Amino acid sequence: FQRFTKASGVKALSLVETTLKMKQKKAVILDIRGSEAFSKGHIAQSKSIPETELDTKLKTLSKTPDAPILVICQTGVSSLSAARKIRKSGYLDVSILQGGIQTWIKEGLPLVTEASSARKTAQNTKPKKQKTEKQEMPS
Numbered sequence: 001f002q003r004f005t006k007a008s009g010v011k012a013l014s015l016v017e018t019t020l021k022m023k024q025k026k027a028v029i030l031d032i033r034g035s036e037a038f039s040k041g042h043i044a045q046s047k048s049i050p051e052t053e054l055d056t057k058l059k060t061l062s063k064t065p066d067a068p069i070l071v072i073c074q075t076g077v078s079s080l081s082a083a084r085k086i087r088k089s090g091y092l093d094v095s096i097l098q099g100g101i102q103t104w105i106k107e108g109l110p111l112v113t114e115a116s117s118a119r120k121t122a123q124n125t126k127p128k129k130q131k132t133e134k135q136e137m138p139s
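If you read the sequence shown in my numbering, its first letter stands for residue 1, the second for the next number, and so on.
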């Protein structure tokens, strides 16, 4: 696995390396899972481009070829072929998360879901409810 990534210029990163790259280099996080899997949970600020749409949307990743791109899939397998394709298209700093989103989940790192995004929006727009006092039941 490592040999393939070195030969193609794609780096396979550990979870620690991934989080560092996200924070330090402001990587474009590309989630190539299907839209249903993405809506169930994804890394914050990740961009959803399903693998089947990658060819037509490659140029939307970043305006600069040296921008760091981190490709995420479910298990880390599909992301390698997608990352190779991205690298061949001219992007220079392309990496994958070893083990994919499953590694992220296994380590208990946070995910954003469509439902949680909708709840946050709804909470910001709903009037706040007044607190009601609980009455104790006689025993």
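Even for Gly, the Cβ is constructed at its ideal location relative to N, Cα and C.
For clarity, every value in this text was computed on a predicted model and none was experimentally measured.
Does residue i come out as helix, strand or coil in the three-state DSSP assignment?
{"i": "I29", "result": "strand"}
{"i": "A118", "result": "The predicted position of A118 is uncertain, since its pLDDT is 49 and thus under 50; a value taken from the coordinates is nonetheless stated next. DSSP places A118 in helix when its eight states are reduced to three."}
Enumerate in chain order the residues of its own chain whose CB-to-CB distance from residue i is below 7 Å, with the five nearest sequence positions on each side excluded.
{"i": "L54", "result": "I32, A82 and K85"}
{"i": "S8", "result": "R84 and R87"}
{"i": "K141", "result": "Because residue 141 is not part of the residues shown, which for the chain are 1 to 139, the question remains open."}
Excluding five sequence neighbours on each side, which residues of the same chain lie with their C-beta closer than 6 Å to the C-beta of residue i?
{"i": "F38", "result": "D31 and S48"}
{"i": "G34", "result": "P50"}
{"i": "A118", "result": "Interpretation of A118 is limited by its pLDDT of 49, a score under 50 that renders its predicted location unreliable; no figure is taken from the coordinates."}
{"i": "L58", "result": "S89"}
{"i": "Q130", "result": "Note that Q130 scores a pLDDT of 44, beneath 50, so its modelled location is shaky; the value from the coordinates is reported in the next line. Nothing listed; no residue qualifies."}
Spatial neighbours of residue i within its chain, please: C-beta separation below 8 Å, excluding the five flanking residues on both sides.
{"i": "V77", "result": "G100"}
{"i": "T103", "result": "L15, G76 and L97"}
{"i": "Q74", "result": "R33, A37, G100, I101 and Q102"}
If contacts are defined as beta-carbon pairs under 8 Å, then residue i and residue j qualify, I think. What distance do you get, rounded to the angstrom?
{"i": "L92", "j": "T18", "result": "Contact flag wrong, Cβ pair sits at about 18 Å."}
{"i": "V28", "j": "S62", "result": "5 Å"}
{"i": "S46", "j": "I72", "result": "7 Å"}
{"i": "A44", "j": "P110", "result": "7 Å"}
{"i": "L80", "j": "M22", "result": "Incorrect: roughly 19 Å between the Cβ atoms, too far for contact."}
What are the partner residues of residue i, as DSSP defines its beta bridges?
{"i": "K47", "result": "L30"}
{"i": "K11", "result": "S95"}
Ranges of the alpha helix (DSSP H) found wholly within the segment 57-119, counting only runs of at least 4:
78-88 and 100-106
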